[in-house]
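>
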Amino acid sequence: MSTRTDPLRTTERSDRLHYATGEMLGADDFQAEQTYHRRQQALALLYLHGRGTVAGLTVGVLPIPGAGGGPDEVELFVEPGLAIDGAGRLIEVPRRASLRLRRWYEFIASIAADNVADDATDLRAAFRADPNFAPLGVVVADVFLSFHACDRGLTPAFASGPFDALNATQPSRVRDGYDLTLILRDGALALPDAFDYYAGVASVADVRGRIAGAYTALTPPRAINPAQPMNEIPAGFDPTAVLLARLRIPANAANPPVAPTPNFSPARWAVPANNLSNDVRRWVVPPAALIHFAPVV
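Residue numbers (my numbering): -5 to 291.
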């Protein structure tokens, strides 16, 4: 997986290359060419459509009864789809991705049991009462989708940096990939409202006024623009990530320093709407859909 900083996450402007016969070109020139076209696309996507789910990416849960007396499990899955992140990049999930919740929870709880206080504290902070599971409560976590570039196809190349090697290699391709992350959230707090630059518009004149100020208010990369805080993104996490869903894991309360004990029995996951909400996300609504609800302005 690439560790290079994506230029789309900076505020630098991009120049187009000017070609001339006999001009010598290097790798930096071709990278600059790619960056220019990627940034132009990102500008169009962010200003016209904003960040959020473009198509698909429905999150679901599937209870899996334990076989042969084994422990019950729950699969958290994300259907294929497309999103625009906070830097204007397209993120594609080409096939269903899944996570086993028991394994994820037990891993965090095992770290907490090894006297890593922060993990136990996070698990307890994410716990709250929930009438749908009384007398149990729930541990709250949010599902995020992030952009990640994946290096592929290593091929012989000149060594770069402070190296001296005869067998140096470099990736010949970079694939735009993704990362799905499940993050514990403070169960006592509601999800903060997302920034909506066009909230409250009531007329065509209002829309025109917002458009007049949009260049400054929505200057990319929007994820680091103080005029448009990404309230739904937890502190310290990738500010360009896309929120997909909120998960509620039934659990028993526990006194410090013990973490809440989760319940993965199929009966507690029989009504998916009690455990999961896809409505917390931002949606990128296509004009083809809007035309059916409002007249053309």
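Ideal Cβ positions, reconstructed from N, Cα and C, are used throughout, including at glycine. Just so you know, these numbers come straight off a predicted model, no measurement behind them.
Taking the C-alpha atoms as reference points, what is the distance between residue 16 and residue 273?
56 Å
> State the beta-bridge partners of residue 146 as determined by DSSP.
167
> How about residue 11 and residue 36: do their beta carbons lie closer than 8 Å?
no
> Which residues does DSSP list as the beta-bridge partners of residue 201?
Answer by DSSP bridge pairing: none, since residue 201 is not bridged.
> Where does the unbroken alpha helix (DSSP H) through residue 258 begin, and where does it stop?
For residue 258, there is no enclosing alpha helix (DSSP H), as DSSP marks it with neither H nor E.
> Cα-Cα, which of 278, 95, 135 is closest to residue 259?
95
> List the residues that DSSP assigns as beta-bridge partners of residue 292.
With the chain running from -5 to 291 in the structure shown, residue 292 is simply not present.
> What's the C-alpha gap between residue 51 and residue 242?
18 Å
> Could you give the first and the last residue of the continuous alpha helix (DSSP H) run that contains residue 268?
266 to 269
> Any contact between the segment 80 to 92 and the segment 115 to 127? By contact I mean 3 or more CB pairs, one from each, below 8 Å.
no
> What's the C-alpha gap between residue 71 and residue 20?
43 Å
> Ignore the nearest five residues each way along the sequence and tell me which others in residue 147's own chain have a CB closer than 8 Å to its CB.
165, 166, 167
> Residue 240 and residue 134 - do their beta-carbons sit closer together than 8 Å?
yes
> Mind checking which residues open and close the alpha helix (DSSP H) that includes residue 21?
Counting along the chain, the alpha helix (DSSP H) containing residue 21 begins and ends at 21 to 42.
> Using only CA atoms, which one of 176, 193, 82, 203 lies nearest to residue 231?
176
> Can you give me the C-alpha to C-alpha distance between residue 254 and residue 246, rounded to a whole angstrom?
5 Å
> When we look at the beta-carbon of residue 233 and count the other beta-carbons within 10 Å, is it buried (16 or more) or exposed?
buried
> So what's residue 130 in DSSP terms, helix, strand or just coil?
coil
> Nearest-angstrom Cα distance between residue 244 and residue 53?
18 Å
> Indicate the three-state DSSP secondary structure (helix, strand or coil) for residue 119 in the structure shown.
Residue state, collapsed to three classes: helix.
> DSSP state of residue 1, grouped into three classes?
DSSP places residue 1 in helix when its eight states are reduced to three.
> Grouping DSSP H, G and I as helix and E and B as strand, with all else coil, what is residue 175?
strand
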